[in-house]
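Protein chains in written order, with UniProt numbering: chain A, 1 to 135; chain B, 1 to 135; chain C, 1 to 135.
Yeah, the Cβ is synthetic: ideal placement off N, Cα and C, and Gly gets one too.
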Amino acid sequence: MQSQISIRTSGQGLYEFTGEAVEFVSESGVVEGLLTVFVRHTSCSLLVQENADPDVCRDLNEFFARIAPENMSWLRHTMEGPDDMPAHIKSALTQVSLSIPVANGRPLLGTWQGVYLFEHRRAPHQRKIVLHVSG
Amino acid sequence: MQSQISIRTSGQGLYEFTGEAVEFVSESGVVEGLLTVFVRHTSCSLLVQENADPDVCRDLNEFFARIAPENMSWLRHTMEGPDDMPAHIKSALTQVSLSIPVANGRPLLGTWQGVYLFEHRRAPHQRKIVLHVSG
Amino acid sequence: MQSQISIRTSGQGLYEFTGEAVEFVSESGVVEGLLTVFVRHTSCSLLVQENADPDVCRDLNEFFARIAPENMSWLRHTMEGPDDMPAHIKSALTQVSLSIPVANGRPLLGTWQGVYLFEHRRAPHQRKIVLHVSG
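This is the structure:
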């Protein structure tokens with residue numbers, strides 16, 4: 001079973017959609033199987049991260065802003081704006097797909113694990129994510 | 001078929017569990033299919049890496065210690081210890097899930113590929129990993 | 001269904017094989033399912049990235065050359081050449097496996113998404129990639 005969800009972003013940072021993923025698996029009726037999450041873009045990405053303290057997400061966003069800053073003078077791909085090539089780099093450093101086993105009709109996430117879209121562009125975007133479950 | 005294994009860690013570094021993954025696939029009876037490995041934590045992660053020279057694992061651990069050091073003064077999430085937020089960052093830079101095709105009843109790893117848990121915390125931890133195979 | 005493809009590389013950089021992946025899924029006859037791509041090496045890796053402007057691939061290669069340069073004096077694993085341990089590091093920072101949902105007999109890639117082998121060694125190599133589709 002497959003479904004596509006859309007997430008509206010408003011700037012760089014992590015956007016949690018654990019609830020949508022859990023609901024999708026529940027509605028699929030799959031009791032034991034595999035959930036796959038795939039993002040259809042190359043300037044945002046996916047992460048499983050801690051959803052307890054919001055400072056974890058802020059620090060992650062800050063780390064990636066520092067490791068791939070906008071002012072790298074050697075960049076060639078600059079025509080889509082100063083935040084575009086750093087966005088591709090941050091995407092390469094994180095995930096485009098996640099695979100999460102399902103048991104008892106739920107993704108087997110750990111206690112503190114949340115599923116996030118990681119937006120790397122400054123401008124608002126509508127991001128498409130494909131959810132797939134097999135069982 | 002699913003199974004959960006537990007790995008006891010004693011500090012930062014790579015812990016190989018290729019043997020457990022191969023044995024799980026063998027016992028499942030799946031001849032051709034897909035093995036998925038998922039770690040249920042956000043301060044350790046997964047890697048497929050070379051298992052020939054142990055210096056590869058040491059150098060990998062050292063690289064991540066240098067790219068996400070404990071003394072980053074701008075970090076906000078510090079209440080769980082100086083090694084906790086760097087652990088989340090190292091986890092984001094590596095993998096939470098791995099998908100490995102299975103043929104002839106074995107994961108199709110290359111000659112030098114081993115499957116590792118990458119522990120990012122200093123204190124000993126009991127880490128839970130889910131193995132899932134479909135065929 | 002599974003297939004193994006081989007890609008001949010001639011130095012560091014990104015080599016697109018989206019066409020081979022699309023063709024594999026088409027020939028499998030799977031209409032809705034999941035494509036998994038797995039690379040059987042630890043000194044090259046996989047990426048889904050933009051395939052519109054070739055400068056994106058060049059900038060990605062340059063970024064990884066800068067984040068894991070060959071002259072890191074603390075490296076221990078140097079016996080396979082100065083580009084080998086940086087190759088393992090770049091591999092750890094990117095992907096060994098990719099999971100892409102399939103619909104209407106095609107991988108659900110976004111408009112600008114291409115599937116790439118990311119070669120991290122300087123010398124020419126023959127790289128083995130496993131394609132797996134279930135439906």
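Which residue comes first and which comes last in the beta strand (DSSP E) that contains R127(B)? For the purposes of this step, residue 127(B) is taken as residue 127 along the second sequence, with counting starting at 1. Following the DSSP letters along the chain, one finds R127(B) inside the beta strand (DSSP E) bounded by residues H125 to S134.
What residues are listed by DSSP as bridge partners for S6(C)? Numbered from its first residue, the third sequence carries residue 6(C) at position 6. Paired residues: K128(C).
Please list the partners that L93(A) has in chain C, where partner means a Cβ-to-Cβ separation under 8 Å. Translated into the one-based positions of the first sequence, residue 93(A) becomes position 93. Within chain C, the residues near L93(A) are L93 and T94.
Under a Cβ-count criterion, where at least 16 other Cβ atoms within 10 Å of its own Cβ denotes burial, should E119(C) be classed as buried or exposed? Taking the first residue of the third sequence as position 1, residue 119(C) is located at position 119. Flag for E119(C) reads buried.
Taking only the alpha-carbon atoms, compute the straight-line gap between F17(C) and S99(B) and give it to the nearest angstrom. For the purposes of this step, residue 17(C) is identified with residue 17 of the third sequence, where counting begins at 1. For the purposes of this step, residue 99(B) is identified with residue 99 of the second sequence, where counting begins at 1. The straight-line gap from Cα to Cα measures roughly 19 Å.
From the beta carbon of D59(C), is the nearest beta carbon of chain A less than 8 Å away? Locating residue 59(C) in the third sequence gives position 59, counting from the first residue. Interface residue, yes.
Taking C-beta pairs closer than 7 Å, name the residues in chain C that F17(B) reaches, listed in chain order. Position 17 of the second sequence, counted from the first residue, corresponds to residue 17(B). Within 7 Å Cβ-Cβ: nothing; F17(B) doesn't reach chain C, min ~15 Å.
State yes or no: is the C-beta of T94(A) within less than 8 Å of the C-beta of Q49(C)? Taking the first sequence and counting its residues from 1, the one referred to as residue 94(A) is at position 94. Taking the third sequence and counting its residues from 1, the one referred to as residue 49(C) is at position 49. Against a cut-off of 8 Å, the Cβ pair of Q49(C) and T94(A) comes out as no contact.
Beta-carbon neighbours of D53(C), restricted to chain A and to distances below 7 Å: The sequence position of residue 53(C) within the third sequence is 53, counting from 1. Chain A residues near D53(C): H77.
K128(B) at chain A interface by Cβ criterion, 8 Å: On the second sequence, position 128 is the one that residue 128(B) refers to. It does: the Cβ of K128(B) has a partner Cβ on chain A nearer than 8 Å.
Based on DSSP bridge pairs, tell me the residues matched to P107(B). The residue labelled residue 107(B) in the question sits at position 107 within the second sequence. P107(B) pairs with V102(B).
For my contact list, I89(B) and A103(B) are in at a C-beta cut-off of 8 Å; report their separation, rounded to the angstrom. Taking the second sequence and counting its residues from 1, one reaches residue 89(B) at position 89. Taking the second sequence and counting its residues from 1, one reaches residue 103(B) at position 103. Not quite, the Cβ-Cβ distance comes to about 36 Å (not below 8 Å), so this is no contact.
Please determine, among S134(A), R40(A), E80(A) and L109(A), the residue with the shortest C-alpha to C-alpha distance to S91(A). To locate residue 91(A), count along the first sequence from 1; it is residue 91. The candidate whose alpha carbon is nearest that of S91(A) is R40(A).
Proximal residues of chain C, C-beta to C-beta of I100(B) below 7 Å: The sequence position of residue 100(B) within the second sequence is 100, counting from 1. Per Cβ cutoff of 7 Å: F38 and S97.
T42(C), DSSP secondary structure in three states: Position 42 of the third sequence, counting from 1, holds the residue named residue 42(C). Assignment of T42(C) by DSSP, reduced to helix, strand and coil, places it in the coil class.
Do we get a CB-CB distance below 8 Å when we pair S28(C) with the residues of chain A? Walking along the third sequence from the start, residue 28(C) turns up at place 28. S28(C) does not count as touching chain A.
Verify the CB distance criterion: does S6(A) have a CB-CB separation below 8 Å to chain C? Taking the first sequence and counting its residues from 1, one reaches residue 6(A) at position 6. No, S6(A) does not count as interfacial toward chain C.
Spell out whether any CB of chain B is found under 8 Å from the CB atom of G110(A). Locating residue 110(A) in the first sequence gives position 110, counting from the first residue. So yes, G110(A) belongs to the interface.
Below 8 Å on the Cβ atoms is my guess for V37(A) versus A21(A); work out the distance and round it to an integer in Å. Locating residue 37(A) in the first sequence gives position 37, where the first residue counts as 1. Locating residue 21(A) in the first sequence gives position 21, where the first residue counts as 1. V37(A) to A21(A), Cβ: 7 Å. Contact.
Using C-beta distances below 8 Å, list every residue in its chain close to E70(A), excluding the 5 sequence neighbours before and after it, in chain order. Sequence index remark: in the first sequence, residue 70(A) carries index 70 (1-based). These residues qualify, in order along the chain: P82, D83 and P86.
What residues of chain A sit near A68(B), judged by a beta carbon separation below 8 Å? In the second sequence, the residue the question calls residue 68(B) occupies position 68. Listed along chain A are F63, each with a C-beta nearer than 8 Å to that of A68(B).
DSSP three-state label for F118(B), please. Residue mapping note: residue 118(B) aligns to position 118 of the second sequence, counting from 1. Strand, per DSSP.
Should V96(B) and F24(B) be called a contact, given that it needs their Cβ atoms to be closer than 8 Å? Numbered from its first residue, the second sequence carries residue 96(B) at position 96. Numbered from its first residue, the second sequence carries residue 24(B) at position 24. No, they are not a contact pair.
Under 6 Å Cβ to Cβ from W112(A), same chain only, skipping five residues before and after it: list those, please. Reading the first sequence from its first residue, position 112 is the one you call residue 112(A). Cβ within range, chain order: E50 and A52.
In this structure, how does DSSP classify E23(C) when only helix, strand and coil are distinguished? One-based indexing of the third sequence puts residue 23(C) at position 23. Helix.
What residue does the alpha helix (DSSP H) around L60(B) start on, and which one ends it? Taking the second sequence and counting its residues from 1, one reaches residue 60(B) at position 60. That run of the alpha helix (DSSP H) goes P54 to I67.
Can the beta-carbon of S6(B) be found less than 8 Å from the beta-carbon of R127(B)? For this step, residue 6(B) is matched to residue 6 along the second sequence. For this step, residue 127(B) is matched to residue 127 along the second sequence. Closer than 8 Å, so yes.
Let me check understanding here. Comparing Cα to Cα, which of Q2(C), H125(C), I129(C) and R58(C) lies closest to H77(A)? For the purposes of this step, residue 77(A) is taken as the residue at position 77 of the first sequence. Of the candidates Q2(C), H125(C), I129(C) and R58(C), the one whose C-alpha sits nearest the C-alpha of H77(A) is R58(C).
What would DSSP say about L75(B), mapped onto helix, strand or coil? Numbered from its first residue, the second sequence carries residue 75(B) at position 75. Of the three classes helix, strand and coil, the one that applies to L75(B) here is coil, per DSSP.
Whole angstroms are fine: how far does the CA of G29(A) sit from the CA of F64(C)? Sequence index remark: in the third sequence, residue 64(C) carries index 64 (1-based). Sequence index remark: in the first sequence, residue 29(A) carries index 29 (1-based). Computed Cα separation, rounded: 43 Å.
Cβ-Cβ separation, Y116(B) to L35(B) (assumed contact under 8 Å), whole Å: Within the second sequence, residue 35(B) is the residue found at index 35, counting from 1. Within the second sequence, residue 116(B) is the residue found at index 116, counting from 1. Contact doesn't hold; Cβ gap of about 15 Å is too wide.
Judging by CA-CA distance, which residue of P124(C), V130(C) and L131(C) is the nearest neighbour of S10(C)? Walking along the third sequence from the start, residue 10(C) turns up at place 10. Measuring from the Cα of S10(C), the nearest candidate turns out to be P124(C).
Start and end residues, alpha helix (DSSP H) containing M1(C): Your numbering for residue 1(C) matches position 1 in the third sequence. Element bounds for M1(C): n/a, residue is neither H nor E.
Rounded to whole angstroms, what's the CA-CA distance from N61(A) to D55(C)? Just pull it up for me. What you label residue 61(A) is simply residue 61 of the first sequence in a count that begins at 1. What you label residue 55(C) is simply residue 55 of the third sequence in a count that begins at 1. Straight-line Cα distance between these residues: approximately 25 Å.
Mind checking who Q113(B) pairs with in its DSSP beta bridge? By one-based count along the second sequence, residue 113(B) stands at place 113. DSSP, once it has assigned bridges, lists E50(B) as partnering Q113(B).
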